[in-house]
Structures are given as structure tokens and as C-alpha cells.
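Chains as they are written, first to last, in the UniProt record's numbering: chain H, 1 to 154; chain C, 1 to 154. Where a beta carbon is used, it is the ideal one built from N, C-alpha and C, also for glycine. Below you'll find the structure, written out as C-alpha cells, and then a few comments.
2 protein chains.
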Amino acid sequence: MPQNDLDTLDERIVHALAEDARRTYADIGAEVGLSAPAVKRRVDRLRERGAITGFTVRVDPAALGWQTEGFIEMYCRSRTAPEDIRRALARYPEVASASTVTGDADALVQVFAADMRHFETVLERIAGEPFVDRTKSVLVLSPLLRRYTAGPPL
Amino acid sequence: MPQNDLDTLDERIVHALAEDARRTYADIGAEVGLSAPAVKRRVDRLRERGAITGFTVRVDPAALGWQTEGFIEMYCRSRTAPEDIRRALARYPEVASASTVTGDADALVQVFAADMRHFETVLERIAGEPFVDRTKSVLVLSPLLRRYTAGPPL
DNA sequence: TCTGAAACTTAGCTGTC
DNA sequence: GACAGCTAAGTTTCAGA
């Protein structure tokens, strides 16, 4: 088994891919000081380990016609299992992310919708889920920053 | 091959890339009913239009040692420009996303940190920004859903 | 065990229709 | 938008440190 868990090299590779997943292995290798095959093998290992879960495209939601973004705080009935919340929200294509959180609310849900009417529809449907007591929502006025990776400095 | 609406084709291409940005153009083309060069040209156009802003890697923050996630609501001094907030937050690698929002708070900031101590440090530094009156933060207990694209059903 | 070089395979790209 | 050919990258193999 490899002796290094995530070493500096792996972090730099992940960082390079996070900025541009289409960079070639040779190119990344030149930056971190490895050959192309060596970089590929490390990427393969990172995928096996679950550190990298896939490759995706960075999308500007507004440019695709999803103009309205908002966050919905969910207040649930006591004894609602997180898994029940997850299963229910997974059915909404408008839900981009959701987490259970500390504080008054039980879960915080990020939603993209085509317009305000669409957002309202989604909000009402979520509020109507059987385990939901009430909701509180805020609308995004303007997105300031949208990174797809974050963490301690590499 | 049925005649497809152009918008529908673009959306299906984006959807395919969002799920797996490493799929080949030929593979995506087979799904949507186009040749590989045709798909590539549509992707190029989507990039030029700004609908696709880049390609990135899907990372499991926890697997990379970023165990602590939270949201910080920022309450700012009146007459703080959104651009000032953006510029200040851009300096924090721990900030994954930030938006100005409706409601009591001025901005909602998503933060990833290595651990609780690190999160606290970031929180204190953000709270110490000259334009910040006060902050309110919630910690993520468990992420339920983390999609990298969302929107109206395709 | 991890690496790098080279051979091999596949996909990306461009010109043409 | 499709086809075809050229270019470039991904992938595998193998031998060395």
C-alpha cells in the first residue's frame, strides 16, 4: 500500500484539475515535476480513493436560462431523518445542494429556477412535503463568487 | 433521427457534460443524435457564449481533509458595495461561494475549512473585515446533496 | 513501489463538402 | 451537420532506480 496519503503532489494535481480539468497530463506533469503517466496514475488513485468523484463542466446558470437562485431553510417535524430529507429533495432537479445544519433550521437548500414564478412553485412544493413544518427563504441578488473547489491553501 | 430543437440539443449536451465531462464527443453525439464534430462545435459555441465557463473536477472535500463546512451570513455597514465584498472574499481560499441576498443579511458565504479551529479563524478574519458589522454562521452537519448543476427539468 | 520512456490506441481537431 | 484525414493526447507496457 502507498505510504503517502494525500501528499503535496496530489494536492497540486487536484488543484490544477480544479482550475481546468482539460489540461493534459503532460502539462500538469510539467508543472508538478512528473511525467504524464505518473500524473495519470495519481489521478486514477485519487478517483479510487474517492477524493476525486468525477469530472464536470462549470456552468453559468443565468446563461442557460436559470435566472433565479435562492436558499431555502427547512424547519422539519421532530424525528425527521436526514435520509428522508435527502430522498425527498433528490426528486427536485431545481435543488443544487442541501445540507443539514446547526441553528434553528434543520436543513439549508440551494435552488436554481428559471424565474421567480418557477422558484415560488418549487418553494411551495418543498414546503408541502409531509415532514416540513415551515420554510424561510432568501433570494440571491447577485452571485459574487462561485468556485467549484475550496479549502485550506495548497 | 428525429429533428431536435436546437436549445434542447444544447441542454442535453450540457447535461451530459455535467454528469461526466470526460465523455467523448462521439459518445455524447451518439446520445443526442449528432456527429462528434457537431457536438464539439456546439460546446465551443456554448463556451464562447459563456454558458460553459470551464471544466473542473468534482472533489469530495472531506476526502481531501476539508472536514468542516459552514455558511456565514454577513451583515455589512450601509453603503458597502457588492464589489467590495467580492474583492475581500476572493482573498480567502476557504470561500467556495458568496452571494448578496434578500432578507436581513447582506451576503451569504459558503466556507470549507480543515477543522473547527480553522473555520473559527476564517470566521474571525471575515468578521474583522472593515465593512462588516456582524456575522451569523451555521455549520453543516451532513451534506445531503451536492450537485454541480441544477435547473429546470431538461 | 513509484517512476519515466516509448509504443500503441483513441479521441480531438480542421478542412472540405 | 457529416466525413475523412491529420494531429495530439490518453493509455499500457516495460525496465530501472
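Taken atom to atom, the span from the alpha-carbon of A21/C to that of L89/H is near 24 Å. For M74/C and R134/H, the gap between their C-alpha atoms comes out near 24 Å. Under the 8 Å criterion on CB atoms, R49/H is classed as interfacial with respect to chain C. Rounded to the nearest whole angstrom, the CA to CA distance from R12/H to V111/C is 20 Å. Taking all protein chains in view, the Cβ of P61/H is crowded by 16 or more other Cβ atoms within 10 Å, so the residue is classified as buried.
Inside the UniProt domain "HTH asnC-type" (6 to 67) of chain C, DSSP marks whole alpha helix (DSSP H) runs of 4 or more residues at positions 6 to 19, 25 to 32 and 36 to 49, from first to last along the chain. Close CB contacts of T53/H within its chain, under the 8 Å cut and outside five residues either way in sequence, are with R47 (chain order).
Annotation: D133/H is outside any alpha helix (DSSP H); the continuous beta strand (DSSP E) that includes it extends over V132 to R146.
Contact between Y148/C and T56/H holds, with the beta-carbon distance rounding to 5 Å and staying under 8 Å.
Under the Cβ distance rule, I85/C counts among the residues neighbouring chain H, one pair being separated by less than 8 Å. The C-alpha of D106/C is placed about 9 Å away from the C-alpha of P82/C. Following the DSSP letters along the chain, one finds T100/H in no alpha helix (DSSP H) but inside the beta strand (DSSP E) bounded by residues V95 to V101.
Partner residues in the beta bridge of Y75/C, as assigned by DSSP, are R134/C.
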